[in-house]
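Novice: Once you've had a glance at the structure underneath, I'll fire off some questions.
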Amino acid sequence: MMLPEACVANILSLTSPADTFSSSAVSSLFWLAGDSDFVWEKFLPSDYKSLISQSTELHRSFSSKKEIYRCFCDSMLIDNARKLFKINKFSGKVSYILSARDVSITRSDQASCWSWSNVSDSRFSESAELITTERLEINGKIQTGMLSPNTKYGAYLIVKVTKSAYGLDLVPAETCVTSKNGQNVKNTAYLCCVDEKKQQLKRLLYGNREERMASTVKAVGGDGKRREPKGRDDGWMEIELGEFETREGEDDEVSMSLTEVKGYQLKGGIVIDGIEVRPKFIN
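Quick note on full-length UniProt numbering: the sequence shown kicks off at 1 and runs consecutively.
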């Protein structure tokens with residue numbers, strides 16, 4: 001005896017988007033049930049209507065909840081194009097990228113320190129390029145209620161290093177992710193990868209400062225590992241700031257930061273695109 005379509009839809013709504021997509025090959029009944037609004041509304045974020053209203057791109061009506069889900073998988077700009085929102089197609093987990101304009105960058109309003117411009121492969125209309133400063137402080141915040149519950153998230157600073165960069169590999173920056181409910185992760189990371197030729201030049205220029213730099217690195221702390229930016233599929237690089245976990249029914253505030261203020265040397269040539277908050281593991 002065949003189960004009623006409504007019963008199959010209820011079963012599918014308790015699984016995952018990946019299971020629902022694959023179940024359509026089982027039979028026409030599963031195909032019909034797997035297309036129902038009842039199923040896909042369960043997989044959409046609870047605030048999906050608000051997200052659509054904030055979108056700078058979605059100015060049309062949708063024929064089904066499944067169509068909305070597919071649009072969210074492609075990512076979209078929201079909040080006056082200051083954030084990018086996306087859900088993973090198979091898990092339904094939520095990710096955000098906070099643009100450089102949506103985070104706090106010390107002295108970013110000073111033209112002698114930072115330059116704002118459109119970068120061709122950026123997701124946003126403006127990215128921030130560091131001209132020169134001895135104090136680098138970048139801070140972002142996000143509410144966990146915007147994210148998927150019961151999920152471990154990582155926070156990543158999205159960057160590029162220009163050909164004229166300098167002073168980025170002398171002292172590691174301090175990274176930190178904290179929340180009001182007590183989560184606290186601190187570490188260190190260098191702002192660019194090791195370049196042997198630049199390392200040799202650094203020894204020539206800063207030879208008499210090697211001992212002081214070594215003591216500064218020790219003072220910064222961390223676990224002793226040399227963390228550097230890693231390449232991304234989109235052509236940018238990312239520096240992991242830390243991780244945190246979300247909980248069902250909790251709306252906590254998470255602060256994410258990268259700071260380098262202990263080296264006391266000028267640095268420049270790094271482009272900031274924003275901070276990405278995404279699930280660390282997608283099953």
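In this text, a Cβ means the ideal position worked out from N, Cα and C, and glycines have one as well.
Values in this document were obtained by computation on a predicted structure and should not be read as measured data.
My output table needs one value for residue 95: the three-state DSSP class, helix, strand or coil.
Specialist: Taking the sequence shown and counting its residues from 1, the one referred to as residue 95 is at position 95. The answer is strand: DSSP assigns residue 95 an E or B state.
Novice: Taking three-plus beta-carbon pairs below 8 angstroms as touching, is the region 36-49 in contact with the region 116-130?
Specialist: Too few Cβ pairs lie closer than 8 angstroms, so no.
Novice: With DSSP as the reference, please indicate the residues paired to residue 244 in a beta bridge.
Specialist: Here residue 244 refers to the residue found at position 244 when the sequence shown is read from its first residue. Answer is 153, bridged to residue 244.
Novice: Do the region 93-113 and the region 246-253 make contact, defined as three or more Cβ pairs closer than 8 angstroms?
Specialist: The region 93-113 vs the region 246-253: no contact.
Novice: With a cut-off of 8 angstroms on the beta carbons, I'd call residue 167 and residue 93 a contact; round off their distance for me.
Specialist: Here residue 167 refers to the residue found at position 167 when the sequence shown is read from its first residue. Here residue 93 refers to the residue found at position 93 when the sequence shown is read from its first residue. With a Cβ gap of about 37 angstroms, residue 167 and residue 93 do not count as contacting.
Novice: DSSP puts residue 261 in a beta bridge; with which residues?
Specialist: Here residue 261 refers to the residue found at position 261 of the sequence shown. None; residue 261 has no bridge partner.
Novice: Assign residue 26 to buried or exposed, taking buried as 16 or more other Cβ atoms, counted over all protein chains shown, within 10 Å of its Cβ.
Specialist: Taking the first residue of the sequence shown as position 1, residue 26 is located at position 26. Exposed is the call here.
Novice: To the nearest angstrom, how far is the alpha carbon of residue 180 from that of residue 250?
Specialist: Indexing the sequence shown from 1 puts residue 180 at position 180. Indexing the sequence shown from 1 puts residue 250 at position 250. If you take the alpha carbons of residue 180 and residue 250, they lie about 11 angstroms apart.
Novice: Give the straight-line distance between the Cα atoms of residue 143 and residue 241, rounded to the nearest whole angstrom.
Specialist: Within the sequence shown, residue 143 is the residue found at index 143, counting from 1. Within the sequence shown, residue 241 is the residue found at index 241, counting from 1. If you take the alpha carbons of residue 143 and residue 241, they lie about 16 angstroms apart.
Novice: Could you check where the beta strand (DSSP E) with residue 4 kicks off and where it finishes?
Specialist: Taking the first residue of the sequence shown as 1, we reach residue 4 at position 4. Where residue 4 is concerned, there is no enclosing beta strand (DSSP E), given that its DSSP letter is neither H nor E.
Novice: According to DSSP, simplified to helix, strand and coil, what is residue 70?
Specialist: Taking the sequence shown and counting its residues from 1, the one referred to as residue 70 is at position 70. Residue state, collapsed to three classes: helix.
Novice: Measure the C-alpha to C-alpha separation of residue 154 and residue 271 and round it to an integer number of angstroms.
Specialist: Translated into the one-based positions of the sequence shown, residue 154 becomes position 154. Translated into the one-based positions of the sequence shown, residue 271 becomes position 271. Whole-angstrom Cα-Cα distance: 21 angstroms.
Novice: Let's test the definition: count the other Cβ atoms within 10 Å of the Cβ of residue 14 and tell me whether it reaches 16, buried, or not, exposed.
Specialist: In the sequence shown, counting from the first residue as 1, residue 14 sits at position 14. Residue 14 is exposed by the Cβ-count criterion.
Novice: Using the C-alpha atoms, what's the distance from residue 124 back to residue 95?
Specialist: Here residue 95 refers to the residue found at position 95 when the sequence shown is read from its first residue. Here residue 124 refers to the residue found at position 124 when the sequence shown is read from its first residue. Each residue's alpha carbon lies about 16 angstroms from the other.
Novice: Can you grab the Cα-Cα spacing for the pair residue 210 / residue 228, in whole Å?
Specialist: The residue given as residue 210 occupies position 210 in the sequence shown. The residue given as residue 228 occupies position 228 in the sequence shown. With a pLDDT of 49 at residue 210, under the threshold of 50, the predicted position of this residue should be treated as unreliable, and no value is reported.
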